[in-house]
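Student: Here you go, one structure.
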Amino acid sequence: MEHGCLDRSRMRPGGFAGGAAAPSRSAVRRFGTALAVLCLAVSAAACTSTESAGGGDTTSLRVDVTNEPDTLDPMARNTPETQRVYRLTYSGLLSYKEDQTLVPDLAAAMPEVSADRLTYTIKLREGVTFHDGAPFTAKDVVFTYDVVREAKNASQWRSGLRLVDTVEAQGDYTVVIKLKSPYSYLDSRLAMIPILSSATPYVPNQTYTTKSNGTGPYKLKSFAKGENLVLEANDKYFGAKPSIKTVTLNLVPENASRIARLVNGQTDIVPELPASQMKLVSNGGQNAVAVTGNVSRLFLYPSLAANRPTANADFRLAVAWAIDRQQIVNQVYAGQGRPNSTYLTYGTPYHDEQLGLYFGSTANAEKAKSHLAAAGGAPSRPLEFIVTNVPELISAATIIQANLKAVGIEVRIEVAEVAAFYPRLVSGEYDFIMWRSPTATSSGFAPDYAYGGLYSNSANNLAKFSDPKMDQLLDAAISVPADQQAAAWKAVQEYDVQTQGNIQVVVSTYNEGYSKALTNYAPSKLLWLNTLAGASISR
Numbered sequence: 010m011e012h013g014c015l016d017r018s019r020m021r022p023g024g025f026a027g028g029a030a031a032p033s034r035s036a037v038r039r040f041g042t043a044l045a046v047l048c049l050a051v052s053a054a055a056c057t058s059t060e061s062a063g064g065g066d067t068t069s070l071r072v073d074v075t076n077e078p079d080t081l082d083p084m085a086r087n088t089p090e091t092q093r094v095y096r097l098t099y100s101g102l103l104s105y106k107e108d109q110t111l112v113p114d115l116a117a118a119m120p121e122v123s124a125d126r127l128t129y130t131i132k133l134r135e136g137v138t139f140h141d142g143a144p145f146t147a148k149d150v151v152f153t154y155d156v157v158r159e160a161k162n163a164s165q166w167r168s169g170l171r172l173v174d175t176v177e178a179q180g181d182y183t184v185v186i187k188l189k190s191p192y193s194y195l196d197s198r199l200a201m202i203p204i205l206s207s208a209t210p211y212v213p214n215q216t217y218t219t220k221s222n223g224t225g226p227y228k229l230k231s232f233a234k235g236e237n238l239v240l241e242a243n244d245k246y247f248g249a250k251p252s253i254k255t256v257t258l259n260l261v262p263e264n265a266s267r268i269a270r271l272v273n274g275q276t277d278i279v280p281e282l283p284a285s286q287m288k289l290v291s292n293g294g295q296n297a298v299a300v301t302g303n304v305s306r307l308f309l310y311p312s313l314a315a316n317r318p319t320a321n322a323d324f325r326l327a328v329a330w331a332i333d334r335q336q337i338v339n340q341v342y343a344g345q346g347r348p349n350s351t352y353l354t355y356g357t358p359y360h361d362e363q364l365g366l367y368f369g370s371t372a373n374a375e376k377a378k379s380h381l382a383a384a385g386g387a388p389s390r391p392l393e394f395i396v397t398n399v400p401e402l403i404s405a406a407t408i409i410q411a412n413l414k415a416v417g418i419e420v421r422i423e424v425a426e427v428a429a430f431y432p433r434l435v436s437g438e439y440d441f442i443m444w445r446s447p448t449a450t451s452s453g454f455a456p457d458y459a460y461g462g463l464y465s466n467s468a469n470n471l472a473k474f475s476d477p478k479m480d481q482l483l484d485a486a487i488s489v490p491a492d493q494q495a496a497a498w499k500a501v502q503e504y505d506v507q508t509q510g511n512i513q514v515v516v517s518t519y520n521e522g523y524s525k526a527l528t529n530y531a532p533s534k535l536l537w538l539n540t541l542a543g544a545s546i547s548r
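For the sequence shown, my numbering gives the first residue as 10, with consecutive numbering after it.
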């Protein structure tokens, strides 16, 4: 299997079913600065600067999304809703290409790495400015990484810089990063972390809640809560200038409405299209594509609070064995998914295929009841099961509710909006919260997102899972030389299926509906776009 892609020949049981064939890909992708396929869903889409013969605006792209971000802060959130904005408006030092190799972005060249793997010297681009006009220099890189490393800021990127000792500027256009010990995936973090302006003091949950100031190809024009968010092209962008001048994200919560608007020509792109509704789009004369290279992981956050049954590992394993994953694949994702058991998931380097199917495709009531007995039996009250207000997640939660009832565990489902998700998760006042995470957009094509999610003091470890043995295994996996990484990550996965700090359910493909007015357009397996160049809109 190619890293980052899902090979159809190895997708059984529960293999991904094919959707309509994807159009040819544009030659240029910009993985590190703009989220598209899974979040914005507009990889390499653009338009001509004149109106088409048929009339209509061909310089504005319309995207219908089901949820809006609760914050625009690129330090605070890594949800698809927030990424839709910050991957378009900010840049990192490096970025990913379509083939998953890294290239310079704000860096002028790839980092120079010392023989002991402890010192990274990075030359920076000159002449770059932030959207507010402030010049970009090494001071901004040092400032951003200091913001990330400061514990009180609770940055989503903090675990990625845990092994950094110092970050220093050498003049205006050179940054030197020194590590405490080797970190095999630092380059990937350099591509993922958006660079802030040092001219603006950073206050968590305040500075960038509704504002944006990056160096990316788009600037934030307006954000009307409950309605839309509008981005406009940055005419001072250091890379190729976007041909699409305006990108509007319209909040349309109902999938039926989004599909109707697409078929009727009222919108251009419907990201995260339910697999069961792809035929509706195709039958309506528009495009519907399943992109197997884009993988989203569906899982349960268990509360680790001492008074919760989910704090017990045997109870979590009872739940893991009780879930009928294939039923979810079939009924929720129309076959375009597969069961999953490990945090390090399909399409990721060093994922172990056998361990990925450890809990099987269907429920194993015998093993579930055995672990439930070891945990002291079923709780005397229904489990508090919170699910974000996404139709597919609600459907999956209903199936899990029935699965758990079959082994004697009652569940009460509570539907919450995205804005309420984080406060509730951090509080620990729940038993389970169901969430989905696009693997590559959250982490890049590197396996260390498992480190961020399971390491004891990681800011991304939102459920606060803590296990000294897992910490040791993760520390080894991110630091050993290349020839030892496969074995180190296998050890992580072997322990993961014994502990289930996050209970894994299924992985699914990304599906997208888009207008036939978009020509020479193709959703990218990278999930992020370049400069919205390479396609045209003719409406």
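Glycine is no exception: its CB is placed at the ideal position from the N, C-alpha and C atoms.
Computed from a predicted structure; not experimentally measured.
#1: Tell me which residues share the same chain as A299 and place their Cβ nearer than 6 Å to its Cβ, disregarding the 5 neighbours each side in the sequence.
#2: Between which two residues does the beta strand (DSSP E) holding W444 run?
#3: Could you pull out every residue in the same chain whose Cβ sits closer than 6 Å to the Cβ of L402, ignoring the five residues on either side in sequence?
#4: Rounded to whole angstroms, what's the CA-CA distance from L170 to R198? Just pull it up for me.
#5: From P210 to Q92, what does the alpha carbon distance come to, in whole angstroms?
#6: By the three-class DSSP mapping on this structure, what secondary structure does R167 have?
#7: According to DSSP, is P477 helix, strand or coil?
#8: Using the C-alpha atoms, what's the distance from R347 back to I418?
#9: Please list the terminal residues of the continuous beta strand (DSSP E) segment that includes L240.
#10: How long is the line joining the alpha carbons of F368 and A327, rounded to whole angstroms?
#11: Report the residue from Q275, A314 and T357 whose alpha carbon sits nearest the alpha carbon of L258.
#12: Do P318 and A472 have their C-beta atoms closer together than 9 Å?
#13: Are there three or more Cβ pairs, one per stretch, closer than 8 Å when the segment 331-338 is compared with the segment 364-379?
#14: Between the C-alpha atoms of F40 and E503, what's the straight-line distance to the nearest angstrom?
#15: Considering only DSSP beta bridges, list what I395 is partnered with.
#16: Which term fits D73, buried or exposed, when burial requires 16 or more other beta carbons within 10 angstroms of its beta carbon?
#17: Can you list, in chain order, the residues of its chain whose CB lies under 8 Å from that of G293, leaving out five sequence neighbours each side?
#18: Can you tell me the Cα-Cα spacing of D476 and G180, whole angstroms?
#19: Below 8 Å, how does it come out for the segment 409-428 and the segment 453-466: are there three or more Cβ pairs, yes or no?
#20: Assign L47 to buried or exposed, taking buried as 16 or more other Cβ atoms, counted over all protein chains shown, within 10 Å of its Cβ.
#21: Report the CB separation of I131 from L102 in whole angstroms; it is logged as a contact under 8 Å.
#22: Sort V516, Q340 and L133 by Cα distance to S446 and report the nearest one.
#23: Using the three-state DSSP reduction, which class does V516 fall into: helix, strand or coil?
#24: Can you check DSSP and say which residues form a bridge with Y227?
#25: Based on Cα-Cα distance, which residue from D480, P203 and S252 lies nearest to D149?
#26: Could you give the first and the last residue of the continuous beta strand (DSSP E) run that contains K7?
#27: According to DSSP, P311 sits in a beta bridge with which residue or residues?
#28: Do V94 and L188 have their beta-carbon atoms positioned less than 9 Å apart in this structure?
#29: Looking at the secondary structure, which residues open and close the beta strand (DSSP E) in which R93 lies?
#30: May I have the straight-line CA-CA distance separating S52 from S467, to the nearest angstrom?
#31: I want to see whether chain C comes within less than 9 Å of V256, judged by CB atoms only; does it?
#32: Give me the residue from Y439, L282, Y359 and P456 with the minimum Cα distance to A496.
#33: Is the distance from the Cβ of F152 to the Cβ of T224 below 9 Å?
#34: What is the rounded straight-line gap between the Cα of P262 and the Cα of Q513?
Tutor: Taking the definition as stated:
#1: Numbered from 1 along the sequence shown, position 290 holds the residue referred to as residue 299. Here A299 has G28, Q345, T518 and N520 as same chain residues with Cβ atoms under 6 Å from its own Cβ, once five neighbours each way along the sequence are excluded.
#2: For the purposes of this step, residue 444 is taken as the residue at position 435 of the sequence shown. That run of the beta strand (DSSP E) goes F441 to P447.
#3: On the sequence shown, position 393 is the one that residue 402 refers to. Cβ within range, chain order: V396 and M443.
#4: Stepping through the sequence shown from its first residue, residue 170 is reached at position 161. Stepping through the sequence shown from its first residue, residue 198 is reached at position 189. Going by the C-alpha atoms only, they are around 8 Å apart.
#5: For the purposes of this step, residue 210 is taken as residue 201 along the sequence shown, with counting starting at 1. For the purposes of this step, residue 92 is taken as residue 83 along the sequence shown, with counting starting at 1. Cα to Cα, P210 sits roughly 22 Å from Q92.
#6: Residue numbering aside, residue 167 sits at position 158 when the sequence shown is read from its first letter. In this structure, R167 counts as helix in the three-state DSSP scheme.
#7: For the purposes of this step, residue 477 is identified with residue 468 of the sequence shown, where counting begins at 1. Residue state for P477 is assigned as helix, using DSSP reduced to three classes.
#8: Counting from 1 along the sequence shown, the entry for residue 418 is found at position 409. Counting from 1 along the sequence shown, the entry for residue 347 is found at position 338. For I418 and R347, the distance between alpha carbons rounds to 25 Å.
#9: Translated into positions along the sequence shown, residue 240 becomes position 231. Residues N237 to A242.
#10: The residue labelled residue 368 in the question sits at position 359 within the sequence shown. The residue labelled residue 327 in the question sits at position 318 within the sequence shown. F368 and A327 have their alpha carbons spaced roughly 10 Å apart.
#11: The residue given as residue 258 occupies position 249 in the sequence shown. Answer by Cα proximity: Q275.
#12: By one-based count along the sequence shown, residue 318 stands at place 309. By one-based count along the sequence shown, residue 472 stands at place 463. At the C-beta level, P318 and A472 stay beyond 9 Å of one another.
#13: They touch, by the three-pair rule.
#14: Mapped onto the sequence shown, residue 40 falls at position 31. Mapped onto the sequence shown, residue 503 falls at position 494. The predicted model places F40 with a pLDDT of 26, which falls under 50 and marks its position as unreliable; any figure quoted below should be read in that light. The straight-line gap from Cα to Cα measures roughly 31 Å.
#15: Taking the sequence shown and counting its residues from 1, one reaches residue 395 at position 386. Looking at the DSSP output, I395 shares a beta bridge with E423 and I442.
#16: Taking the sequence shown and counting its residues from 1, one reaches residue 73 at position 64. By the neighbour-count rule (16 or more Cβ atoms within 10 Å), D73 is buried.
#17: Locating residue 293 in the sequence shown gives position 284, counting from the first residue. Close CB contacts of G293 within its chain, under the 8 Å cut and outside five residues either way in sequence, are with I268, L271 and V272 (chain order).
#18: To locate residue 476, count along the sequence shown from 1; it is residue 467. To locate residue 180, count along the sequence shown from 1; it is residue 171. When rounded, the distance between both Cα atoms is 42 Å.
#19: Fewer than three Cβ pairs drawn from the segment 409-428 and the segment 453-466 lie within less than 8 Å of each other, which leaves the two stretches out of contact.
#20: Looking up residue 47 in the sequence shown gives position 38. Confidence at L47 is low in this model, with a pLDDT of 29, below 50, so its placement is unreliable and the value that follows should be read with caution. Buried: at least 16 other Cβ atoms inside 10 Å.
#21: The residue given as residue 131 occupies position 122 in the sequence shown. The residue given as residue 102 occupies position 93 in the sequence shown. That belief holds up - the Cβ atoms of I131 and L102 are roughly 6 Å apart, short of 8 Å.
#22: Translated into positions along the sequence shown, residue 446 becomes position 437. Of V516, Q340 and L133, the smallest CA-CA separation from S446 is found for V516.
#23: Numbered from its first residue, the sequence shown carries residue 516 at position 507. Residue state, collapsed to three classes: strand.
#24: Residue numbering aside, residue 227 sits at position 218 when the sequence shown is read from its first letter. The partner list for Y227 (beta bridge, DSSP) reads A242.
#25: Position 140 of the sequence shown holds residue 149. P203 is the residue among D480, P203 and S252 whose C-alpha sits nearest the C-alpha of D149.
#26: Only positions 10 to 548 of the chain appear in this structure, which leaves residue 7 out of reach.
#27: Counting from 1 along the sequence shown, the entry for residue 311 is found at position 302. According to the DSSP secondary-structure assignment, P311 is paired through a beta bridge with F441.
#28: Counted from its first residue, the sequence shown places residue 188 at position 179. Counted from its first residue, the sequence shown places residue 94 at position 85. The answer is no: Cβ separation not under 9 Å.
#29: Numbered from 1 along the sequence shown, position 84 holds the residue referred to as residue 93. For R93, no beta strand (DSSP E) encloses it; the enclosing alpha helix (DSSP H) starts and ends at P89 to T98.
#30: Here residue 52 refers to the residue found at position 43 when the sequence shown is read from its first residue. Here residue 467 refers to the residue found at position 458 when the sequence shown is read from its first residue. With a pLDDT of 36 at S52, under the threshold of 50, the modelled position of that residue is not reliable, and the figure given next carries that caveat. Rounded to whole angstroms, S52 to S467 spans 31 Å at the Cα level.
#31: Although the question refers to chain C, the structure presented lacks it and comprises just one protein chain.
#32: Start at 1 with the first residue of the sequence shown, and residue 496 comes out as number 487. Looking at the Cα atoms, Y359 is the closest of the given residues.
#33: The count along the sequence shown starts at 1 and reaches residue 152 at position 143. The count along the sequence shown starts at 1 and reaches residue 224 at position 215. Their beta carbons are not under 9 Å apart, which means F152 does not touch T224 by this criterion.
#34: Here residue 262 is taken as the residue at index 253 of the sequence shown, counted from 1. Here residue 513 is taken as the residue at index 504 of the sequence shown, counted from 1. Linking P262 to Q513 through their CA atoms gives a straight-line distance of about 26 Å.
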